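Mapped onto my numbering, the consecutive letters of the sequence shown carry residue numbers 196 to 482. Quick reminder that beta carbons are idealized off the backbone N, C-alpha and C, glycines included. Keep in mind that this is a model prediction, so the values were computed, not measured. A quick write-up on the structure given underneath.
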Amino acid sequence: MGNYAGYDENYDLMENDFVKAFEQMIPTMKKVIGGDTVYGIYDREKCLKFYNNQVINAKMEPGMKIPKTMIAYECMEKGVSLEKVTPKEAMGISVKTFALPVFDEKHNVVGSVAIAKSLYLQEEIKGYTDTIFNSIQHLTEAVSEVSTNVQEVAAGTNDILSQIINTNERAKGTNEIVNIISNVAKQTNLLGLNASIESSRAGEFGKGFGVVATEIRKLAVSSRDSAKEISDRLEGIRNSIESVTEKINKSNDSFQTQVGTIEEISAFIQELNSLAISLMEKTTDLV
196 MGNYAGYDEN
206 YDLMENDFVK
216 AFEQMIPTMK
226 KVIGGDTVYG
236 IYDREKCLKF
246 YNNQVINAKM
256 EPGMKIPKTM
266 IAYECMEKGV
276 SLEKVTPKEA
286 MGISVKTFAL
296 PVFDEKHNVV
306 GSVAIAKSLY
316 LQEEIKGYTD
326 TIFNSIQHLT
336 EAVSEVSTNV
346 QEVAAGTNDI
356 LSQIINTNER
366 AKGTNEIVNI
376 ISNVAKQTNL
386 LGLNASIESS
396 RAGEFGKGFG
406 VVATEIRKLA
416 VSSRDSAKEI
426 SDRLEGIRNS
436 IESVTEKINK
446 SNDSFQTQVG
456 TIEEISAFIQ
466 ELNSLAISLM
476 EKTTDLV
């Protein structure tokens, strides 16, 4: 509580050393603290001097009675320095006020001085910081989603590549079947040739056998041609598979590069996010 016991109602507050020093310092404080500030000097009941400002435009002038809710009054009642933030809803602009009690030679509270500063700039900076922070949050989510999609596509590509390689191996296995068919065709052709020779030797009795030998040779030629056609088609399939495999490998390499790039971007965004959080904390301290 402020000490009023020995208070002299005729005390000239404007002659108080602290008040005179405070008033002399106002021009300097305006330069240091900024122009959007107001300064007030009060005795126990009313405002003695008030240095207003167009930015804050406080509803106070010399001679006006001090409301009990005013921080300049509260600091006299408590006898201690106080600070208070007045929200934008009350004055149209947020203001931070510092009030200090003034004592006489007997340490009686004889008045107070107050400095009020606009928080417009700090709040504007905080607004920008909040916007940056929210933008970074959205960007982080977007990059994370893209990274997940790329990784899923890369995983799917690996599965397709594995299946294509497996198909290629199976296609290579059909070569053995084609070789068997070719060998059978050769053996059948040889058998037909031998049968023709034996039919010729048998003369009239071998004519029927000769017809069979001719059909066997036709079958051998047909089997050989079919085997060659199958071989050619399988070769085309293998070439296509190898071409697709090569392209998928290149795409997979590209996906891996993209994943690495996205991870670098994500790390950079996390760094920006940390800076934004730090900036938010600092702007909160300013307010």
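For Pro296, the enclosing beta strand (DSSP E) begins and ends at 290-298. Linking Asp212 to Gly306 through their CA atoms gives a straight-line distance of about 13 angstroms. With three or more CB-CB distances shorter than 8 angstroms, the segment 298-318 counts as touching the segment 272-289.
The beta-carbon distance between Tyr323 and Val250, rounded to whole angstroms, is 19 angstroms. This is too long to meet the 8 angstroms contact definition.
DSSP places Glu256 outside both helix and strand once states are collapsed to three, so it counts as coil. With three or more CB-CB distances shorter than 8 angstroms, the segment 452-468 counts as touching the segment 326-342.
Note on geometry: alpha-carbon atoms of Glu204 and Ala471 lie some 54 angstroms from one another. Taking the Cα positions, Gly235 is about 36 angstroms away from Thr326. Bridge pairing for Phe463: absent [DSSP]. Here Asp238 is buried. Its C-beta has 16 or more other C-beta atoms within 10 Å.
Look at Gly229 here: in three-state DSSP terms it is coil, with no helix or strand label. DSSP places Ser307 within a strand segment (E or B) once states are collapsed to three. Below 8 angstroms, too few C-beta pairs join the segment 434-454 and the segment 292-300 to call them touching: fewer than three. Taking the Cα of Tyr246 as reference, the smallest distance to any Cα among Asp354, Gly287, Val308 is reached at Val308. C-alpha of Leu429 to C-alpha of Glu371: approximately 12 angstroms in a straight line.
Inclusion of Val348 and Ile457 in the CB contact set at 8 angstroms is not warranted, their separation being larger than that value. The Cβ atoms of Ala311 and Val233 sit closer than 8 angstroms to each other.
The secondary-structure analysis by DSSP pairs Gly235 across a beta bridge with Phe245, Ala309. Glu240 sits close to Lys260, with the two beta carbons spaced by under 8 angstroms. Measuring C-alpha to C-alpha distances from Glu318 to each of Ser342, Ser289, Pro296 identifies Ser289 as the nearest.
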